[in-house]
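Peer 1: In the numbering used here, the protein residues as written are 4 to 192. Yeah, the Cβ is synthetic: ideal placement off N, Cα and C, and Gly gets one too. Fair warning: this is a prediction, and the values are worked out from it, not measured in the lab.
1) Need the endpoints of the alpha helix (DSSP H) that residue 178 sits in, please.
2) Would you call residue 58 buried or exposed, if buried means 16 or more other Cβ atoms sit within 10 Å of its Cβ?
3) Verify whether the separation of the beta carbon atoms of residue 122 and residue 153 is less than 8 Å.
4) Based on Cα-Cα distance, which residue from 31, 99 and 175 lies nearest to residue 74?
5) So residue 116 and residue 164 are in contact, right, with Cβ under 8 Å, and what is the actual spacing, rounded?
6) In terms of residue numbering, what span does the alpha helix (DSSP H) encompassing residue 98 cover?
7) Tell me the rounded alpha-carbon separation between residue 65 and residue 34.
8) Beta-carbon within less than 6 Å of residue 81's beta-carbon, same chain only, minus the 5 sequence neighbours each way: which residues are those?
9) Taking just the CA atoms, how far does residue 137 sit from residue 160?
10) Hey, residue 45 and residue 55: beta-carbon distance below 8 Å or not?
11) Which term fits residue 177, buried or exposed, when burial requires 16 or more other beta carbons within 10 angstroms of its beta carbon?
12) Looking only at its own chain, which residues have a Cβ that is under 8 Å from the Cβ of residue 99, when we skip the five neighbours before and after it?
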């Protein structure tokens, strides 16, 4: 709400968090562009090989694309939660009384934070030690070790948990970023 005054520390913290999440989302955007480029080059190589040009597609292209999807998904979730997206189903909650809608919003954000924190915990105690100990790969045909993508998964889940917690703080104080108020984004929840 534009007319409401918020403490300077809150606005500063919100700005810093959004900048961090936006920077992480840019990394995910680069991964998405890499996926598009790899797929394009692979298709072009395959087509050229069919007409006799001594070029082929990209070796293990599907593994590259699968691994880059880990970056895309887990490095964008926190930003979407904080600045752009919805974490509850609006079609259901819009029909609820205001008080119940507010409770549902809080519960959805808290449930999201707990779930993301649990997933990161399981990644730290379950996935990461195994992938480091056994030097496992995601598929038997893969040339990539699994541990870097497990680390990306863990970092993404931690960032998502933090974004859910900050979204809960925003929701509690009634803060809606200016771009959301002006119709450039969705509701904070």
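Peer 2: So, to answer that:
1) No alpha helix (DSSP H) contains residue 178, which DSSP labels as neither H nor E.
2) exposed
3) no
4) 31
5) 5 Å
6) First-last for residue 98: undefined, no H or E at that position.
7) 14 Å
8) 24, 162, 163 and 166
9) 23 Å
10) no
11) exposed
12) 107
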